[in-house]
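Here the structure comes first, spelled out in structure tokens, and everything after it is commentary.
Numbering (the numbering used here), first residue to last: -15 to 652.
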């Protein structure tokens, strides 16, 4: 890899229209993260911090972009953007506590380095998977647009991150929706040890913007004046005319990806070339040549910053080490939700399961002005199941939004809306497609409240289930993918009445919720349902039948299989529990029934191995063993993907085996 001959060295600065005071302010802002980093590298060698991702040589980008934005505009930085935090005047003692894993840090010791955010300073930190934050920026920008705020959002990624699908999804969404997002690529030469010629083949990453119909600019990332001036100009233009812009900052990473990696893979001549372009040293020399900075000022600035570092480091060092308090850790996984019961009216109508869902969506839209619906074909078309049909005429395209086919970035967008204080619903066209958005759900939405006290006010609707001959890609019931993830809630109703009340509650709950809706129940199950708005509590099972001889625990379509089989076998004295909510799970109802009957069958449409049925069986065996008169039995679908042909699907599902399993338990 050869130096780009178009980049001059050393850096050539132009004052633009900046005063001496502004130039000195930029210099101090550059100097501060550099001096902090030098101190952190010493502490790393002393074992006082565990890891460090160095931004030495790239400070001009962080500082210049942050200076160009208004304090109330969000920035989503990466590993090497210490200058974002210092320029936003984040207290150093809290940063030092963060890096030492102490309670005063932004994650209370639960995450390290820059994996955190802070609403106070309008910074949203990254996660190690890199890509999802680009979609989050889309969501924050969408909120600005919906609220008619003349603001933009800046989000960082590296040249390596542009290879991720999330990058392309986020750019596409921002372009289609004209979102005020500034996508900042720090092209620093290497993704860990992989050089750019092994990452992409286009000449400049800025060229990719053309494919998304957006403007792009290439900026010398080591020239603080150029970064600040150009970004300021572009930012003001975006505020006046909301749209996405792609910026590629040419720079270089002077140290390892993280310190343990080293830089032995970098050719020496390349390292020497970029050493000459050091953003701090070149700018310092320029200011001296222009008689803007003198020796006394330089000494004063350094002494002042070093004193601030030492003072705040002392405070962080004196803080007690973090202690594990289990109740505190568990209580912070979810944002507190105080359920408010809205009782149903006596005015009811006989509706299908699908109608109850549609009523809940519409009435919750009326109740929550900040709720935005997103999904494929949900606007004019009304969704493939027609649940959102007609909503666009009442709420408009701003709140009922067709999305491109990009589940991952749309989930990220929903997270961004939540960060901006709004609510979001994402309709997966089929629950199976959630795998394309799995990463942001389990790694971003689920973990944010625990990590830095930022909830994800997002409901993801999941049309699911077999029995309609839809085959392996449209029939899965994949709730077990999510019930084991702390931070997510999972709801799975079986009746129209429950579906409406629970979905209304899901929209009220500030935590991320996967709401499963069985497609085979949509138009086959009817019930008297209150016409008006009402709620039902999450985590409370429904006891459909009561008895002392046998317990059947199930949910979704399994509830109806159980009811049919109980009638067919003319069984009496059976406890039939419809879980309704899988996370939180009504363990009390489960254990009370197991203790009462001594014989339990757990029925699921999922394949048995690793299913929720296995977890429920384990709970009963562990907590109720002495009350049992038989082993806890499980019944689920075959251990195969879901087949298409009617005979194969019928054989796959556990319904035909239920009668035999119940009799086996009775006879034990």
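Cβ coordinates follow ideal geometry from the N, Cα and C atoms, glycine included. Here the structure is a predicted model, which is why all the values come from computation and not from measurement.
Within the same chain, 33 come within 6 Å of residue 83 by CB-CB distance, once the 5 residues on both sides are set aside.
In the DSSP annotation of this structure, the continuous segment of the alpha helix (DSSP H) that includes residue 482 starts and ends at 480 to 492.
Our two residues, residue 70 and residue 404, have alpha carbons roughly 23 Å apart in a direct line. Residue nearest to residue 468 within the set 594, 441, 511 and 19 is 594 (criterion: CA-CA distance).
Two segments are said to touch when three or more pairs of C-beta atoms, one from each, lie closer than 8 Å; by this definition the region 562 to 578 does not touch the region 618 to 637. Beta-bridge analysis with DSSP links residue 502 to 448. Residue state for residue 397 is assigned as helix, using DSSP reduced to three classes. At the C-beta level, residue 209 and residue 520 stay beyond 8 Å of one another.
Annotation for residue 546: 536, 538, 560, 587 and 642 place their beta carbon closer than 8 Å to its own, counting only its chain and skipping 5 residues before and after. Burial state of residue 488 is buried, judged by a 10 Å Cβ sphere holding 16 or more other Cβ atoms.
Across the set 103, 67, 27 and 110, the C-alpha of 67 shows the shortest separation from the C-alpha of residue 40. The region 496 to 513 makes contact with the region 323 to 341, as at least three CB pairs between them are under 8 Å. Taking C-beta atoms under 8 Å as the contact rule, residue 510 and residue 336 qualify, at a distance of about 5 Å. Taken through DSSP and simplified to helix, strand or coil, residue 386 comes out as strand.
Spanning the alpha carbons of residue 290 and residue 52 requires a straight line of approximately 25 Å. As a beta-bridge residue in DSSP terms, residue 59 pairs with 107 and 138.
Excluding the 5 residues flanking it on each side, residue 331 has same chain C-beta neighbours closer than 6 Å at 515, in chain order.
Exclusion of the five residues before and after residue 233 leaves 45, 170, 203 and 205 as the residues of its chain whose Cβ lies within less than 6 Å of its Cβ. In this chain, the alpha helix (DSSP H) harbouring residue 281 covers 279 to 302. Looking at 237, 492 and 470, the one whose alpha-carbon comes closest to that of residue 443 is 492. The Cβ atoms of residue 61 and residue 20 do not sit closer than 8 Å to each other.
The three-state reading of DSSP puts residue 146 in helix, counting H, G and I together.
Inter-segment contact for the region 149 to 168 and the region 425 to 439 is absent: fewer than three beta-carbon pairs are separated by less than 8 Å. 446 is the residue among 446, 466 and 470 whose C-alpha sits nearest the C-alpha of residue 459. DSSP places residue 616 outside any alpha helix (DSSP H), giving it a letter other than H or E.
Within 10 angstroms of the beta-carbon of residue 132 lie fewer than 16 other beta-carbons, which makes it exposed. Between residue 430 and the set 92, 55, 111 and 81, the nearest pair of CA atoms involves 111. Per the Cβ contact rule, the region 475 to 490 is not in contact with the region 421 to 429 (fewer than 3 Cβ pairs under 8 Å). The three-state secondary structure of residue 540, taken from DSSP, is coil. Here residue 184 is actually not in contact with residue 159; their C-beta atoms are around 19 Å apart, not less than 8 Å. Fewer than three Cβ pairs drawn from the region 312 to 322 and the region 448 to 462 lie within less than 8 Å of each other, which leaves the two stretches out of contact.
With a cutoff of 8 Å on beta-carbon distance, residue 296 and residue 80 are scored as near each other. When DSSP states are grouped into helix, strand and coil, residue 336 belongs to the strand group.
Contact annotation: the region 348 to 365 touches the region 393 to 411, with at least three C-beta pairs closer than 8 Å. Assignment of residue 531 by DSSP, reduced to helix, strand and coil, places it in the coil class. Only residues of its own chain outside the window of five on either side were considered, and among them 534, 583, 585, 614 and 617 have a CB closer than 7 Å to the CB of residue 649, listed in chain order.
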